[in-house]
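Notes follow the structure.
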Amino acid sequence: MKTGLLALLILPVISSAQSPGGDTMATVPALLFKTNLTALINPAKPAATMAMDIRLAPRFSADAGVGYFLDSPVFADEKGESYRGLRLRAGGKYYYRLTRHGAFHIGVEGKYHAVNNWINRNALRQGGQYQEILKVRREVRTVGLAARAGALFFGARNRRLIVEPYIGLGWAVHRVRFSPPPDAELLEETAGFFSFEYLEGVTALPDLLFGIHLGIGVRR
Numbered sequence: 193m194k195t196g197l198l199a200l201l202i203l204p205v206i207s208s209a210q211s212p213g214g215d216t217m218a219t220v221p222a223l224l225f226k227t228n229l230t231a232l233i234n235p236a237k238p239a240a241t242m243a244m245d246i247r248l249a250p251r252f253s254a255d256a257g258v259g260y261f262l263d264s265p266v267f268a269d270e271k272g273e274s275y276r277g278l279r280l281r282a283g284g285k286y287y288y289r290l291t292r293h294g295a296f297h298i299g300v301e302g303k304y305h306a307v308n309n310w311i312n313r314n315a316l317r318q319g320g321q322y323q324e325i326l327k328v329r330r331e332v333r334t335v336g337l338a339a340r341a342g343a344l345f346f347g348a349r350n351r352r353l354i355v356e357p358y359i360g361l362g363w364a365v366h367r368v369r370f371s372p373p374p375d376a377e378l379l380e381e382t383a384g385f386f387s388f389e390y391l392e393g394v395t396a397l398p399d400l401l402f403g404i405h406l407g408i409g410v411r412r
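If you use my numbering, the sequence shown corresponds to residues 193 to 412, in order.
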């Protein structure tokens with residue numbers, strides 16, 4: 193993983209050294225409509241997404257996307273549980289190398305998640321008089337910012353079909369809050385040696401981005 197990340201981070205330097213010149217700005221679509229295939233097949237929390245890139249200048253573009261977390265076999269694995277919510281992305285790109293069949297870019301990306309995770313938890317009721325299993329809402333709000341690098345690769349026939357692999361590294365802040373009934377006290381639950389579930393409160397962690405977009409470009 194570290195070797196692959198390092199290779200992609202130094203890709204701009206290598207590519208620039210190997211390419212003394214580029215093609216015209218026509219290699220960058222005026223508009224690009226795309227979906228994130230990696231998000232859709234994410235085994236932990238799959239999401240359906242739609243995004244759009246808008247070319248602002250020959251070598252600059254802005255992008256924004258919206259998505260929805262469909263559920264999670266990891267964070268909502270019991271009957272009656274659910275993991276659903278909003279997934280937003282926005283950022284900017286600089287195309288440092290333009291070629292006949294591709295456009296390589298670096299840039300930044302911000303993200304925001306608003307997830308409601310309904311889960312079953314053990315709780316004490318009425319001041320500890322009895323214990324029962326409750327379905328409670330676990331709110332997860334995430335904001336993050338990352339540097340990223342990627343490339344647009346164009347289809348051989350009409351160059352409208354576009355594949356965009358990308359990778360990035362940044363920082364994300366996660367705020368988790370449980371909403372039990374007023375008379376309920378949630379019991380602490382151990383998650384084993386390792387868990388992907390964020391603890392209640394605020395947690396800041398490194399954020400690794402990687403994935404593949406598939407899209408259709410509009411040129412003018």
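Cβ atoms here follow ideal geometry from the backbone N, Cα and C, with glycine treated the same way.
Rounded straight-line distance, which links the Cα of residue j to that of residue i
| i | j | result |
| --- | --- | --- |
| R317 | R329 | 17 Å |
| P250 | H297 | 12 Å |
| I359 | G294 | 16 Å |
| R367 | E356 | 31 Å |
| T291 | G336 | 32 Å |
| G362 | G302 | 9 Å |
| Y286 | G299 | 6 Å |
| L406 | K226 | 5 Å |
Cβ distance (whole Å) where residue i is taken to contact residue j below 8 Å
| i | j | result |
| --- | --- | --- |
| A236 | S264 | 6 Å |
| F388 | V266 | 6 Å |
| I408 | R352 | 6 Å |
| A364 | L397 | 6 Å |
Residues near residue i in its chain [Cβ-Cβ closer than 6 Å; skip 5 each side]
| i | result |
| --- | --- |
| L234 | According to the sequence displayed, residue 234 carries Asn and not Leu. Cβ neighbours of N234 beyond the five flanking positions: none. |
| A256 | A282 |
| V394 | R367 |
| T216 | With a pLDDT of only 47 at T216, under 50, the local geometry of the prediction cannot be trusted, and no value is derived from it. |
| G277 | F261, A306, V307 and N308 |
Cutoff 8 Å; reference residue i; Cβ partners in own chain excluding five residues on either side
| i | result |
| --- | --- |
| A268 | S274, Y275, N309, W310 and I311 |
| L401 | E301, A338, R340, Y358, I359, G360, L361 and G362 |
| I404 | N228, L229, T230, V355, E356, P357 and Y358 |
| I325 | N312, R313, N314 and A315 |
Residues that residue i bridges to, as DSSP identifies them
| i | result |
| --- | --- |
| L290 | A295 |
| N308 | R276 and E331 |
| F225 | M244 and I408 |
| D399 | G362 |
| N314 | I325 |
| A231 | DSSP, once it has assigned bridges, lists no residue as partnering A231. |
| Y260 | A240 and L278 |
Own chain, CB closer than 7 Å to residue i, minus 5 neighbours either side, in chain order
| i | result |
| --- | --- |
| V410 | P221, A222 and L223 |
| I246 | L223, S253 and A254 |
| R369 | E331 and E392 |
task = Tell me, please, whether the stretch 232-248 touches the stretch 268-281 by the rule of three or more beta-carbon pairs shorter than 8 Å.
result = yes
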